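Reviewing the structure listed below.
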Amino acid sequence: MAATSHPLSTHAALEMLRAGGNAVDAAICASAVQAVVEPQSTGIGGDCFVLYCPDGTDKVIAFNGSGRAPGAASIERFRAMGMEEVPTYGPHSVSVPGAIDAWDRLIRDHGRKTLAEVIAPAIHYAENGYVVHDRVAFDWREAKALLEQDIHSAAIFLREGRALEACETHVQPALAATLRRVAELGRRGFYEGPVAEAIVARLQELGGLHSLDDFAAMRCDYVTPDSIDYRGYRVHQMPPNNQGLTALLALNILAQDDLSSLEPHGARRFHLEVEAARLAYRERDSRLGELDRSSPVIEALLSKDHAAGLRRKISMERAMTDLPEVELKRSDTVYISVVDEDRNAISFINSTYHSFGSGITCPSTGVVLQNRASSFRMDPNHPNALAPGKRPMHTIMPGMLTRAGRAVMPFGVMGGDYQPMGHVHFLTNVLDFGMMCSQRSIVPASSIARAVSRRKEAFPTPLQGNCGRSDTRWRKRKNLLGAGKPFGSTGNWVR
63 MAATSHPLST HAALEMLRAG GNAVDAAICA SAVQAVVEPQ STGIGGDCFV LYCPDGTDKV
123 IAFNGSGRAP GAASIERFRA MGMEEVPTYG PHSVSVPGAI DAWDRLIRDH GRKTLAEVIA
183 PAIHYAENGY VVHDRVAFDW REAKALLEQD IHSAAIFLRE GRALEACETH VQPALAATLR
243 RVAELGRRGF YEGPVAEAIV ARLQELGGLH SLDDFAAMRC DYVTPDSIDY RGYRVHQMPP
303 NNQGLTALLA LNILAQDDLS SLEPHGARRF HLEVEAARLA YRERDSRLGE LDRSSPVIEA
363 LLSKDHAAGL RRKISMERAM TDLPEVELKR SDTVYISVVD EDRNAISFIN STYHSFGSGI
423 TCPSTGVVLQ NRASSFRMDP NHPNALAPGK RPMHTIMPGM LTRAGRAVMP FGVMGGDYQP
483 MGHVHFLTNV LDFGMMCSQR SIVPASSIAR AVSRRKEAFP TPLQGNCGRS DTRWRKRKNL
543 LGAGKPFGST GNWVR
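The sequence shown begins at 63 in the working numbering and counts up by one.
See the structure below:
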């Protein structure tokens, strides 16, 4: 089984399984295809995170495929250059990409196929062209102004000054050549030699602080996942620098209530979820960054006593007024879930952060560079403070569910800061209300910071009438996840 956000990547994953590849091969194959056919959402200039259960067991392998700030980047240096915040776009928003190093390592350690075999479909689409999907075209139009700011991005992704429309064919020969080099040389084909030299030269041309040493030194690593018990299941998330702990904290808060006794589409259920999320996001924004595994912050945030104290702050009669608004930044991401015939289960997420990342494309390589470094803070006392070689706090988060020694389900959502709330809402739907995974997309999606849905009108009629109840304000939003992205989630049961 394979689930992705694009039919071509889902097809590629299934074909990889039919050809004898396993779940790891199929997930990376799908991600590589999406790097071509969904260039606004992901790419080899981005990062990834992975949770993997081999043989259907509850042994969860976690891999952090995120990159780091340049070695020359520091708060002092940025301030000397006149910056009070890390820019959202441009060269200073670019962290060294981690995706290719992660793909190479995971294929060598856990795959059955070679990296060349796994990324062959992506090379085919980049070289011979692919038909632009209607949802991708929608996103593309939304990013037109950003693409126009970079001459090379405009040359590759705009046609006669306009975004490509649905059903038009797009080719990326420079990206195909880069992928061929990676197929031949593995990670060295990206982090050393002509590709790295071209990317660094482009960034330095724009004023970036990146060096060839930053690329050559890039290494991703295995980490220990965080997890909690919820309704008899074990929920696993990536540790910081990932925001996965935010979802675990919100679930710990909700675990103290019998959610199943509430109306699943009712105002009280959504009020409780939103308030729990607001508390969890406050903890994230003040306490998370790249933390050492031994940091007492992780244990403290996941303690039952801490969750109980936060639950006592929630009133079912009114919304809390002493919490800061949570800025819901737009971002673009792809999530992939695969389970193979041997019950290997993988939860895989890859992203360049915002739509078309930093807005910078390296012309000779076709690589769109992510803007994940824009997540850094310029407060030296903050755990997510900018520092040389440091990883920024990440929004993309794969999830894994296990029970009684077995993998149950890899799951995930897309949508930047929404993802912890998305995980919580998905799991409460399934574990508290007994919904099937396919029902997830027709249930109203709760969000954060007094904003629960893209549109109030998206809710069932009985809930619309209670939107003012409990003094929870319901903000009308065109889209909380980015243009055209549904509040969809992906989960595959491991049978």
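Glycine included, each C-beta is placed from N, C-alpha and C at the ideal position. These numbers come from a predicted model, not from an experiment.
Supposed close pair residue i, residue j - CB separation, criterion 8 Å
i, j, result
"residue 288", "residue 175", "In fact, because the Cβ distance is near 31 Å, the residues do not count as touching under 8 Å."
"residue 109", "residue 456", "7 Å"
"residue 454", "residue 473", "Residue 454 to residue 473, Cβ: 24 Å. No contact."
"residue 414", "residue 430", "6 Å"
"residue 201", "residue 102", "5 Å"
"residue 417", "residue 204", "7 Å"
"residue 155", "residue 476", "Actually they are not in contact, since the Cβ atoms of residue 155 and residue 476 sit about 20 Å apart, beyond 8 Å."
"residue 136", "residue 448", "7 Å"
"residue 111", "residue 458", "6 Å"
"residue 177", "residue 248", "6 Å"
"residue 333", "residue 378", "7 Å"
Span of the alpha helix (DSSP H) around residue i
i, result
"residue 470", "Element bounds for residue 470: not the alpha helix (DSSP H) but the beta strand (DSSP E), 468–475."
"residue 315", "306–316"
"residue 90", "85–99"
"residue 253", "250–253"
"residue 259", "256–267"
"residue 219", "213–219"
"residue 439", "No alpha helix (DSSP H) contains residue 439, which DSSP labels as neither H nor E."
"residue 222", "It is not in any alpha helix (DSSP H) - residue 222 carries neither H nor E in the DSSP assignment."
"residue 434", "Segment: none, residue 434 is in no alpha helix (DSSP H) and carries neither H nor E."
"residue 276", "274–278"
"residue 80", "69–80"
"residue 208", "206–210"
One or two residues paired with residue i in a DSSP bridge
i, result
"residue 299", "288"
"residue 409", "113, 399"
"residue 424", "429"
"residue 123", "114"
"residue 463", "297, 471"
"residue 231", "193"
"residue 485", "Its beta-bridge partners do not exist; DSSP assigns none."
"residue 283", "126"
"residue 415", "394"
"residue 456", "304"
"residue 64", "400"
"residue 236", "None; residue 236 has no bridge partner."
"residue 447", "439"
Distance CB(residue i)-CB(residue j) smaller than 8 Å
i, j, result
"residue 157", "residue 139", "no"
"residue 402", "residue 85", "yes"
"residue 300", "residue 482", "no"
"residue 161", "residue 234", "no"
"residue 407", "residue 82", "no"
"residue 199", "residue 216", "no"
"residue 386", "residue 346", "no"
"residue 237", "residue 310", "no"
"residue 350", "residue 313", "no"
"residue 91", "residue 469", "no"
"residue 269", "residue 450", "no"
"residue 338", "residue 290", "no"
"residue 282", "residue 170", "no"
"residue 209", "residue 421", "yes"
"residue 318", "residue 373", "yes"
"residue 243", "residue 257", "yes"
"residue 322", "residue 495", "yes"
"residue 493", "residue 331", "no"
"residue 427", "residue 261", "yes"
"residue 341", "residue 490", "no"
"residue 273", "residue 149", "no"
"residue 245", "residue 181", "yes"
"residue 52", "residue 462", "Past the edges of the chain, shown from 63 to 557, lies residue 52, and the structure says nothing about it."
"residue 212", "residue 423", "yes"
"residue 120", "residue 296", "yes"
"residue 191", "residue 232", "yes"
Practice item. Can you check the region 329–399 for any alpha helix (DSSP H) of at least 4 residues that lies completely inside it and give the ranges in chain order? Key: 329–349, 358–363, 366–373
Check your understanding: Which whole runs of the alpha helix (DSSP H) in the region 127–201 are 4 residues long or more, in chain order?
Key -> 137–142, 161–172, 177–190
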